[in-house]
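According to the UniProt record's numbering, the stretch in the sequence shown is residues 1 to 553, in order.
Don't be surprised by glycine CBs; every beta carbon is placed ideally from N, CA and C.
Some notes on the structure that comes next.
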Amino acid sequence: MAQTIDYDKIKKASAKYPKLKEINYTYGTAGFRMKAEYLESVIFRVGILGGLRSKKLNSKVIGIMITASHNPEADNGVKLVDPSGEMLEQQWEGYATQLANAQSDDDLIAVIKSIVSENGIDESKEASIVYARDTRPSGPKLVAALEEGIKAINVVGGNLGVKTTPQLHYFTYYLNYCEKPTEGSYEELADKLYYQKFAEAFHKAVGDNPCLSPITIDAANGVGAPKLKELAEWIDKINNNVFEVEIINDDIKSQGKLNFNCGADYVKSGQKIPTGAPLSVGDRAASLDGDADRIVFYYLNDYDGTFRLLDGDKIAALAAGFIIELVKTAGLDINVGVVQTAYANGSSRAYLEKELKVPVACVSTGVKHLHHKAQEYDVGVYFEANGHGTVLFSPNALNKINSAEKRTAEQEKAIKKLQALTELINQTVGDALSDLLFVEAILINRQWTFHQWDSAYTDLPNRLVKVVVENRQIFKTTNAEQTLVEPKGLQEKIDKLVAQYKDGRSFVRPSGTEDVVRVYAEASTRKDCDELAFKVAGLVYDEAGGTGGRPSE
Ligand code: G16
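This is the structure we're talking about:
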């Protein structure tokens, strides 16, 4: 039987990690995220919270990931992962914030005791945590703080070493719901099980179809580089002619390179090719972000050589279109829905609703919001425009797919394909590597070029601008973040600007991962769109305490 919580031990250990007085921490879009030097006390406390969560959930394994994903290298962050591999339940995000902000060691103990009593936690329950980090230089020091927190609450911790965020999510799920491994180190198993699963599923999904031309992957100089390399080797072992990948921006050793002028966020926000990617007409390329949970694809147009982005909206359209076709061919009664955020391009929503005739829901930014909404459908396809997303097959859908009657050869083929797709997509969370294989498998089945994929619909020109303000917390939104409630009066001014542009749309929201306010705009022409974006950004800067330079093109 495990010991009960030793509060004196926690208090003593906590003295080494005092809370920085001047900082108010918030568990945001993807956990705590900020400059790495402010995070030690928070991460120590997250170790304690992970232990409490595990005890509360009858000793299920909780995941903890140390990463700041797309943020600059100097930042870091931490988030907790629930036993099913999903993001931490929202009520517990509040506990995380309370713990992080407890000023003294006594305050910390008081918060822990209140969490224990509010949740009726049996202190004597066993608890376990698995944790991993990305390649940031600040990672090892923060892992040490986490380990002290885990030790202080007497919990068994399994260090997975350097992993992508989705690997941590998948392994957490695996430990709770699949066979618990009895031998081998968790660090090695978390790689092996992941590679094996996705390499085998890819092989099944591709079938006998001929492969496509090689694809270049910009790994943002992050953890995706070594992991994709190893995954590609596993795929080669099964069938060595099916997937040819060249990895660029794979330098995880030199400091200052992570996400710098490369990676999915850079490409999506700037709508341009990353550094180190000499792209020619006919080439296919994609960019991952720093922890490999997002992906965007791109190519140069055949006839004018312009840059063409295939973002999360395009991935959703490709995935939904293919799945709907297979479901119809298989003769299955399964509903498919798509979930997006306000950043989804107006054209993508119109295409999904009018051409594919699928229901589309719009929710707030953050995978946790999309994931929950997607669970309402038999098959829920969710992607943020920034390339973060996955496809969820409900137990009902899986049951129908796996027990379907195969009357014709065509039906049998469609059912087999659907089965393979359910295994190929990482259903615990958006995963750049699994998404890459998922997209590639669909394109191989269809024998489509990027241009053919892209031609489903044409994006309205769109633009993202960041505005630095004194206090982004004064921005409050409603209507899935599309309408500003505060600062008062600002939304009316934005509406007036938007009304001046054909197909104009713009919204403003505070980022939950960076110290900025984000402005999104789209309009019928590139010129109008840029003009609208910078007018709205200027308005935000002038009326809501802009600092630094006024945003300009
Ligand atoms: C995280 C979240 C995403 C979100 C992104 C930006 O991505 O997981 O859901 O879209 O932050 O969020 P915000 O606009 O609030 O800063 P990542 O890839 O950084 O983990």
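Own chain, CB closer than 8 angstroms to residue i, minus 5 neighbours either side, in chain order
i           : result
residue 539 : 490, 493, 494, 497
residue 252 : 135, 221, 222, 223, 225, 226, 258
residue 412 : 406
residue 164 : 134, 223, 224, 227, 291, 292, 293, 431, 432, 433
residue 419 : 204, 401, 402
residue 103 : 19, 21
residue 15  : 105
Spatial distance of residue i from residue j (CA atoms)
i           : j           : result
residue 371 : residue 69  : 18 angstroms
residue 312 : residue 388 : 7 angstroms
residue 21  : residue 38  : 10 angstroms
residue 373 : residue 415 : 25 angstroms
residue 1   : residue 126 : Because the pLDDT at residue 1 is just 48, under 50, the model does not fix this residue reliably, and the value given afterwards should be weighed accordingly. When rounded, the distance between both Cα atoms is 7 angstroms.
residue 256 : residue 122 : 45 angstroms
residue 293 : residue 161 : 17 angstroms
residue 338 : residue 390 : 10 angstroms
residue 314 : residue 454 : 7 angstroms
residue 283 : residue 88  : 39 angstroms
residue 229 : residue 55  : 37 angstroms
residue 396 : residue 333 : 10 angstroms
residue 307 : residue 361 : 29 angstroms
residue 107 : residue 8   : 13 angstroms
residue 449 : residue 211 : 11 angstroms
residue 91  : residue 330 : 41 angstroms
residue 509 : residue 245 : 37 angstroms
residue 34  : residue 404 : 49 angstroms
residue 166 : residue 289 : 12 angstroms
residue 232 : residue 507 : 40 angstroms
residue 461 : residue 485 : 26 angstroms
residue 31  : residue 410 : 46 angstroms
Close-in-space but distant-in-sequence residues of the same chain around residue i (CB under 7 angstroms, 5 per side omitted)
i           : result
residue 95  : 49, 115
residue 424 : 198, 201, 202, 205, 434, 437, 438, 441
residue 145 : 17, 40, 43, 44
residue 279 : 273, 285, 300
residue 398 : 422
Check whether residue i and residue j have beta carbons under 9 angstroms apart
i           : j           : result
residue 216 : residue 247 : yes
residue 537 : residue 529 : no
residue 451 : residue 304 : no
residue 364 : residue 481 : yes
residue 548 : residue 468 : yes
residue 456 : residue 321 : yes
residue 380 : residue 327 : no
residue 511 : residue 534 : no
residue 142 : residue 78  : yes
residue 158 : residue 51  : no
residue 169 : residue 118 : no
residue 264 : residue 295 : yes
residue 47  : residue 129 : yes
residue 463 : residue 532 : yes
residue 348 : residue 250 : no
residue 13  : residue 151 : yes
residue 80  : residue 66  : no
residue 237 : residue 105 : no
Distance cut-off 8 angstroms: residue i Cβ against heavy atoms of the ligand SAM
i           : result
residue 511 : For the ligand SAM, the structure offers nothing, since it holds only the ligand G16.
Contact set for residue i: own chain, Cβ-Cβ below 6 angstroms, skip 5 residues either direction
i           : result
residue 101 : 25
residue 500 : none
Cβ contact (3+ pairs, closer than 8 angstroms) linking the segment 479-490 and the segment 532-546:
They touch, by the three-pair rule.
For the segment 429-438 against the segment 383-400, are there 3 or more C-beta pairs whose distance is under 8 angstroms?
These segments touch.
For a minimum of 3 consecutive residues, which ranges assigned as the beta strand (DSSP E) are wholly contained in the UniProt domain "Phosphoacetylglucosamine mutase AMG1" (311-448)?
For the UniProt domain "Phosphoacetylglucosamine mutase AMG1" (311-448), whole beta strand (DSSP E) runs of length 3 or above, ordered along the chain, are 336-341, 360-363, 379-383, 389-393.
Three or more C-beta pairs under 8 angstroms: does that hold for the segment 471-478 against the segment 344-358?
Contact fails between the segment 471-478 and the segment 344-358, because fewer than three Cβ pairs, one in each stretch, are under 8 angstroms apart.
State whether the segment 172-181 contacts the segment 56-67, with contact taken as three or more CB pairs (one from each stretch) at a distance under 8 angstroms.
The segment 172-181 is in contact with the segment 56-67.
Please confirm if the segment 69-86 is in contact with the segment 182-189, defined as three or more CB-CB distances below 8 angstroms between the two stretches.
Touching, no, given that fewer than three Cβ pairs across the two stretches are closer than 8 angstroms.
Note down, one range per segment and in chain order, each alpha helix (DSSP H) of at least 4 residues found wholly within the UniProt domain "Phosphoacetylglucosamine mutase AMG1" (214-296).
Complete alpha helix (DSSP H) runs here, min 4: 224-238, 264-270.
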